[in-house]
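One structure is given here, and the rest of the page talks about it.
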Amino acid sequence: MPYSAPLDDYNFLFDHVVGLDKVRQHDRFEDASDDLTRAILTEAGKLCEEVMAPLQRAGDMTPSYLENGVVRTADGYADGFKAIAEGGWIGMSANPEFGGMGLPMTVTTAVNEMMSAACLSLQLAPLMSQGQIEALEHHASDAIKDIYLPKLISGEWTGTMNLTEPQAGSDVGALSSKAAENGDGTYRVSGQKIYISWGDNDFASNICHLVLARLPSAPAGTKGISLFLVPKYMPDENGEAGVANSLKVVSLEHKMGLHGSPTCVMQYDEANGWLVGPEGGGMAAMFTMMNNARLGVGCQGIGAGEGAYQHALAYALDRKQGRTPVEGGSGTIVDHADVRRMLLSMKADLFAARAIALSCAVAIDMGTATGEAEWKARAAFLTPISKAFGTR
Ligand SMILES: Cc1cc2nc3c(=O)[nH]c(=O)nc-3n(C[C@H](O)[C@H](O)[C@H](O)COP(=O)(O)OP(=O)(O)OC[C@H]3O[C@@H](n4cnc5c(N)ncnc54)[C@H](O)[C@@H]3O)c2cc1C
0 MPYSAPLDDY NFLFDHVVGL DKVRQHDRFE DASDDLTRAI LTEAGKLCEE
50 VMAPLQRAGD MTPSYLENGV VRTADGYADG FKAIAEGGWI GMSANPEFGG
100 MGLPMTVTTA VNEMMSAACL SLQLAPLMSQ GQIEALEHHA SDAIKDIYLP
150 KLISGEWTGT MNLTEPQAGS DVGALSSKAA ENGDGTYRVS GQKIYISWGD
200 NDFASNICHL VLARLPSAPA GTKGISLFLV PKYMPDENGE AGVANSLKVV
250 SLEHKMGLHG SPTCVMQYDE ANGWLVGPEG GGMAAMFTMM NNARLGVGCQ
300 GIGAGEGAYQ HALAYALDRK QGRTPVEGGS GTIVDHADVR RMLLSMKADL
350 FAARAIALSC AVAIDMGTAT GEAEWKARAA FLTPISKAFG TR
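Note that numbering that gives the first Met the number 0 has the sequence shown beginning at 0, numbered continuously upward.
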């Protein structure tokens, strides 16, 4: 079924509920005028309706698979990702110094939700890159930023996050992946990670993994965890993907849904990487990516809900059943008060979830623009709520 981008809902929320205006009043986001924001949403809506929505079913019917150690993606996904990358949608909120657009997170959040509704499993690929970009912007050395950020923002390379291990899911502090110094500023990382979204693909020329691991003599628990950037191919002297690193995709998970997104078991065998952030500061650094992903995953829930609502409404307007309970009714089930109640409840829940996610994004933007602790605290408060309520 076609997807129709709910642009009026976003514009209403921007103007009358979450107050995008106060974000625009700060120098940092003064370019994100009302006209520009509307034009961006319209263009994103077109991409979602015309390019991404037609891929949703393809991704489910022809899931990604592993072939000779390389993940082959669903039919049309490579072209879909190219369209997302070429439109600049990956780096919407990224630093313009590295090729990003520097737009408010509020606008990115609306676009991410639309893309999730149109094709959730493909949208997860740029979402992972967005989180990694934010983590590197905040915690990586200048040398790493110079090499990786332009490639991730342009979509030439993609990013992943590697926390989970077979014995360490909710309890991340139980992870046992190890890292050791090579003596030349690099580290070698070993261990197995599971459930790694978009751990590999056949459309990016390099895959950049952010991996949590322990250095020798690190304390137990989360305080002993450090973060490493481990690329599939080591960058050569020109910053291009060079020799293969010592890591591989072992297998893909077979999931109930989300078949277009390869959820990988990754094996690292003394793979070379760089420390991101201080030793023992891995959880704090990874939380930048995780918080980005938490809001993003909340929006995925809202997007999936919007898609379900649009299907339900179309069905209710089409399905003829029983006697029409109202005079001059259409004869379809939408004439029943209880069907309308269910549809309106869905719409109201979606509106509330969207308002919470966008309020969270406004708080993030205000924190960025003003540096004020109150806004940062509000963003920290609303991020898990956006994820929990949006996904529920
Ligand atoms: C589609 C998909 C994509 C994913 N992508 C990534 C990714 O890209 N990178 C990554 O690192 N990870 C990823 N994950 C992993 C995800 O983060 C983990 O699934 C999550 O951390 C939970 O771990 P677990 O599945 O091992 O569940 P468990 O920790 O085994 O939990 C199982 C159940 O027990 C409950 N439980 C556990 N501990 C407690 C407790 N102390 N108190 C009360 N209840 C508890 C949980 O709530 C849950 O209901 C992905 C998972 C999925 C399904």
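We put the beta carbon where it would ideally sit given N, CA and C, even for glycine.
Reduced DSSP category for residue i - H, G, I as helix; E, B as strand; rest coil
i    : result
R213 : strand
G394 : A question about residue 394 goes unanswered here, because the residues of the chain that appear run from 0 up to 391.
R391 : coil
P234 : strand
A167 : strand
T331 : strand
Y186 : strand
V16  : helix
I143 : helix
W374 : helix
F202 : coil
N10  : helix
S92  : coil
P149 : helix
L174 : coil
A4   : coil
K386 : helix
E49  : helix
A405 : The displayed coordinates of the chain run from 0 to 391. Any statement about residue 405 would go beyond what the structure contains.
L381 : helix
Classification of residue i by the beta-carbon crowding that lies within 10 angstroms, buried from 16 upward
i    : result
P277 : exposed
E373 : exposed
L316 : exposed
M127 : buried
K247 : buried
S250 : exposed
Q416 : Residue 416 is absent from the structure shown; the chain starts at 0 and stops at 391.
V242 : exposed
H138 : buried
D201 : exposed
L174 : buried
P218 : exposed
S92  : buried
E133 : buried
E112 : buried
A4   : buried
S115 : buried
K231 : buried
H310 : exposed
E85  : exposed
Limits of the unbroken beta strand (DSSP E) element including residue i
i    : result
A240 : A240 to A243
E180 : K177 to E180
Paired residues, beta bridge with residue i - DSSP
i    : result
M265 : K192 and V248
E66  : V69
W273 : L228
C207 : G158 and P230
Opening and closing residue of the alpha helix (DSSP H) in which residue i lies
i    : result
V229 : No alpha helix (DSSP H) holds V229; the beta strand (DSSP E) holding it covers I224 to P230.
K346 : A336 to T369
E133 : M104 to H138
M282 : G281 to D317
R37  : D33 to L46
A84  : Y76 to E85
P324 : Element bounds for P324: n/a, residue is neither H nor E.
R27  : Unbroken run through R27: none, as it is neither H nor E.
G58  : A52 to M60
Residue i Cβ short of 7 Å to ligand 3 heavy atom set
i    : result
M160 : Looking for ligand 3 in the displayed structure turns up nothing; the ligands present are ligand 1.
Specify whether the stretch 53-72 and the stretch 258-266 touch according to this definition: at least 3 beta carbon pairs, one from each stretch, less than 8 Å apart.
yes
With contact counted as at least three CB pairs below 8 Å, one residue from each stretch, are the stretch 213-232 and the stretch 269-276 in contact?
yes
Three or more beta-carbon pairs under 8 Å between the stretch 184-193 and the stretch 152-169, yes or no?
yes
Cβ contact check for the stretch 376-385 and the stretch 350-361: 3 or more pairs under 8 Å:
yes
Would you call the stretch 276-292 and the stretch 146-160 touching, i.e. three or more CB-CB distances under 8 Å?
yes
Pair every Cβ in the stretch 20-31 with every Cβ in the stretch 77-85, then say whether three or more of these pairs are closer than 8 Å.
no
Contact the stretch 145-156 vs the stretch 176-185: 3+ CB pairs below 8 Å:
no
Decide yes or no for the touch test of the stretch 47-60 against the stretch 8-22: beta carbon pairs closer than 8 Å, at least 3 of them.
no
Does the stretch 143-150 come into contact with the stretch 86-104, if we say contact requires no fewer than three beta-carbon pairs (one atom in each stretch) closer than 8 Å?
yes
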